[in-house]
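Since the structure comes first, as structure tokens, the remarks are kept for the end.
Number of protein chains: 2
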Amino acid sequence: MKKKNFAPDMPINLAIAEDNCFSRQAAIERMSKFSQIKIKHIAANGQELVSMLQKDSNIDLVLMDIEMPVMNGIEATIEVKKHWNHIKILMLTMFDDEKNLFDAILAGASGYLLKESNAEQIFRAIMDAMTGGAAMSPAIALKALNLIKNPQSESKESQDFGLSEREIELLNQLKNGLTYEQIASNLFISYHTVRKHIENIYRKLQVNNKVEAIQKASSNKLID
Amino acid sequence: MKKKNFAPDMPINLAIAEDNCFSRQAAIERMSKFSQIKIKHIAANGQELVSMLQKDSNIDLVLMDIEMPVMNGIEATIEVKKHWNHIKILMLTMFDDEKNLFDAILAGASGYLLKESNAEQIFRAIMDAMTGGAAMSPAIALKALNLIKNPQSESKESQDFGLSEREIELLNQLKNGLTYEQIASNLFISYHTVRKHIENIYRKLQVNNKVEAIQKASSNKLID
DNA sequence: TGAAAAATACGAAGAAATGCGTATTGCAAT
DNA sequence: ATTGCAATACGCATTTCTTCGTATTTTTCA
Numbered sequence: 020m021k022k023k024n025f026a027p028d029m030p031i032n033l034a035i036a037e038d039n040c041f042s043r044q045a046a047i048e049r050m051s052k053f054s055q056i057k058i059k060h061i062a063a064n065g066q067e068l069v070s071m072l073q074k075d076s077n078i079d080l081v082l083m084d085i086e087m088p089v090m091n092g093i094e095a096t097i098e099v100k101k102h103w104n105h106i107k108i109l110m111l112t113m114f115d116d117e118k119n120l121f122d123a124i125l126a127g128a129s130g131y132l133l134k135e136s137n138a139e140q141i142f143r144a145i146m147d148a149m150t151g152g153a154a155m156s157p158a159i160a161l162k163a164l165n166l167i168k169n170p171q172s173e174s175k176e177s178q179d180f181g182l183s184e185r186e187i188e189l190l191n192q193l194k195n196g197l198t199y200e201q202i203a204s205n206l207f208i209s210y211h212t213v214r215k216h217i218e219n220i221y222r223k224l225q226v227n228n229k230v231e232a233i234q235k236a237s238s239n240k241l242i243d
Numbered sequence: 020m021k022k023k024n025f026a027p028d029m030p031i032n033l034a035i036a037e038d039n040c041f042s043r044q045a046a047i048e049r050m051s052k053f054s055q056i057k058i059k060h061i062a063a064n065g066q067e068l069v070s071m072l073q074k075d076s077n078i079d080l081v082l083m084d085i086e087m088p089v090m091n092g093i094e095a096t097i098e099v100k101k102h103w104n105h106i107k108i109l110m111l112t113m114f115d116d117e118k119n120l121f122d123a124i125l126a127g128a129s130g131y132l133l134k135e136s137n138a139e140q141i142f143r144a145i146m147d148a149m150t151g152g153a154a155m156s157p158a159i160a161l162k163a164l165n166l167i168k169n170p171q172s173e174s175k176e177s178q179d180f181g182l183s184e185r186e187i188e189l190l191n192q193l194k195n196g197l198t199y200e201q202i203a204s205n206l207f208i209s210y211h212t213v214r215k216h217i218e219n220i221y222r223k224l225q226v227n228n229k230v231e232a233i234q235k236a237s238s239n240k241l242i243d
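If you're matching them up, the sequences are chains V and Z in order.
All residue numbers for the first sequence refer to the working numbering, where the first residue is 20 and numbers rise by one.
All residue numbers for the second sequence refer to the working numbering, where the first residue is 20 and numbers rise by one.
Here it is in structure tokens:
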């Protein structure tokens with residue numbers, strides 16, 4: 020694991036994603052008190068956050084609400100981590116729901132706080148995250164311990180995206196890193212047919228290349 | 020989960036189990052500062068703690084060292100929880116070792132702190148534990164998250180193929196189905212450098228395309 | 001039986017990836 | 001000091017993939 024050189028004198032570039040304008044304003048005010056923190060982006064949902072990051076990804080940490088319209092905090096975290104892995108995510112939530120906690124951890128969140136946390140607690144959590152640690156409200160930590168003790172069997176419900184059996188077969192060939200040519204030969208169909216199948220798979224999974232298709236099929240347990 | 024009626028005005032009956040007499044004395048002094056806390060038992064190892072509890076089990080919480088002779092902190096926790104399930108255990112340790120953390124959680128610890136924690140942090144952790152929560156040092160929490168993300172397996176021996184850290188970073192980008200262009204932009208290097216890195220990765224892993232590289236890196240736990 | 005869906009097949013054009021060569025810089029070990 | 005390696009960077013040629021069409025045959029199901 021890489022040692023992170025976090026300079027305590029550098030300001031922390033913060034983004035806030037929160038749909039409720041009340042909470043959003045409250046968060047802004049509470050964080051403004053800290054001179055080390057510079058609020059750079061304020062988004063009303065995950066989509067907006069991603070758009071802002073596309074224009075300026077020089078952000079250290081995001082305070083992310085879980086419940087948001089359009090794109091929720093979990094989805095947004097996945098998206099952010101995919102493109103900007105250096106950005107830390109602190110989840111803020113009203114409820115200590117075990118399902119959300121698990122998904123947030125899988126998505127790559129560096130901490131998980133209840134919204135009732137006060138400014139100092141949030142600030143400390145931010146510092147913890149920036150120095151390579153993680154922070155959790157005690158109630159959350161308890162759930163986390165439960166998750167370790169009783170591992171999730173089936174976490175998120177997996178979709179099948181309406182893929183046919185033949186298409187799953189194609190995906191299993193893709194997974195092995197074969198070219199269209201090789202797959203065609205393996206399945207005794209033409210190169211063109213392989214391409215058409217894969218085109219259909221991409222449309223159904225809403226992806227644009229082999230790797231994404233495999234990852235998505237895999238995480239939905241369509242292939243192993 | 021049962022709601023615990025913890026009265027804030029009642030003193031907390033504390034036990035301390037720690038073999039090193041230096042650390043033990045330090046712990047005693049640090050906890051004595053808090054009027055809410057009453058130190059009732061002081062043990063030099065797990066065995067001693069259990070003996071004391073057999074005579075007087077009116078204890079709310081134990082500050083437990085992990086490394087102890089005769090009976091270590093994990094074994095002691097199992098024993099304590101078996102006989103006096105109401106007693107909370109706060110683990111204190113020098114190292115953020117993942118294996119010990121896992122065992123401690125399974126044994127039923129309510130929190131896990133590094134010994135470097137100061138008196139206030141320990142006190143807060145005690146209060147968290149008493150009010151039904153859990154407390155973890157940030158460094159510990161990070162390990163806990165890892166445990167949830169990557170459940171204990173330890174199966175087949177994995178090679179590292181002599182990949183550099185930078186190359187692992189590249190692999191993690193590849194995994195997300197990004198193009199060379201996008202990766203270059205994410206890592207602030209040129210498109211050409213991305214290609215060269217990937218070429219080197221392919222050579223080291225002895226593969227010829229993205230999918231094979233990801234599969235091989237993944238099965239050797241170089242990425243997750 | 002008729003309609004819809006799935007599987008098959010082909011081509012053009014552009015995007016992306018791959019292989020091979022070369023080269024500079026900086027850092028670490030001998 | 002020199003050697004070696006990692007990280008950076010560029011160009012060319014070729015292969016592979018992806019998107020967009022269109023089209024026929026087979027299977028499924030209402």
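For glycine and all other residues, C-beta sits at the position ideal for the given N, C-alpha and C.
Small disclaimer: the values here were computed from a predicted structure and weren't measured.
Beta bridge counterpart(s) of H102(Z) as assigned by DSSP: DSSP output for H102(Z) lists no bridge partner at all.
Which listed residue (S51(V), G127(V), Q44(V) and N77(V)) has its alpha carbon closest to that of K162(Z): Taking K162(Z) as reference, the option from S51(V), G127(V), Q44(V) and N77(V) with the minimal CA-CA separation is G127(V).
Minimum length 4: unbroken alpha helix (DSSP H) runs contained in the stretch 127-194 of chain Z: Taken in chain order, the complete alpha helix (DSSP H) segments of 4 or more residues contained in the stretch 127-194 of chain Z are 138-149, 157-168 and 184-194.
K21(Z) to M146(V) span [Cα, whole Å]: With a pLDDT of only 40 at K21(Z), under the threshold of 50, the placement of this residue in the model should not be trusted, and no figure is reported.
Start-to-end residues for the alpha helix (DSSP H) that takes in I242(Z): Element bounds for I242(Z): n/a, residue is neither H nor E.
N-terminal and C-terminal residue of the alpha helix (DSSP H) that V89(V) is part of: First-last for V89(V): undefined, no H or E at that position.
Whether G130(Z) touches L109(Z) by CB criterion (8 Å): A contact, by the Cβ cut-off of 8 Å.
Chain V contact for E5(Z) (CB, 8 Å cutoff): Here chain Z comprises residues numbered 20 to 243, so residue 5(Z) is not present and cannot be evaluated.
Residues in the stretch 50-77 of chain Z having any Cβ partner in chain V nearer than 7 Å: Against chain V - using a Cβ distance shorter than 7 Å - the stretch 50-77 of chain Z contributes no residues.
In DSSP terms, what H60(Z) is bridged to: In the DSSP output, where bridge partners are listed per residue, H60(Z) has A34(Z).
Short Cβ contact (8 Å threshold) for T112(Z) with L82(Z): If you check the CB distance, T112(Z) and L82(Z) do not come in under 8 Å.
Cutoff 8 Å; reference L206(V); Cβ partners in own chain excluding five residues on either side: For L206(V), where only same-chain residues beyond five positions count, the Cβ hits under 8 Å are E188, L189, Q192 and V213.
Same chain, Cβ closer than 8 Å to N239(V), five either side skipped, listed in chain order: Around N239(V): S177, Q178, D179 and F180.
Residue-level contact to chain V via CB, A163(Z), 8 Å cutoff: Chain V, which has a Cβ nearer than 8 Å to the Cβ of A163(Z), makes this yes.
Three-way DSSP call (helix, strand, coil) for K229(V) in this model: Helix.
Alpha-carbon to alpha-carbon, L68(V) and I35(V): Spanning the two alpha carbons is a distance of roughly 8 Å.
Touch test, the stretch 60-67 of chain V against the stretch 31-51 of chain V, Cβ-Cβ under 8 Å, three pairs minimum: Because the criterion of three Cβ pairs below 8 Å is met, the stretch 60-67 of chain V and the stretch 31-51 of chain V touch.
T96(V) (DSSP reduced to helix, strand or coil): In the three-state DSSP reduction, T96(V) falls in the helix class (H, G or I).
Classification of D75(Z) by the beta-carbon crowding that lies within 10 angstroms, buried from 16 upward: Of the other Cβ atoms in all chains shown, fewer than 16 fall within 10 Å of the Cβ of D75(Z); this residue is therefore exposed.
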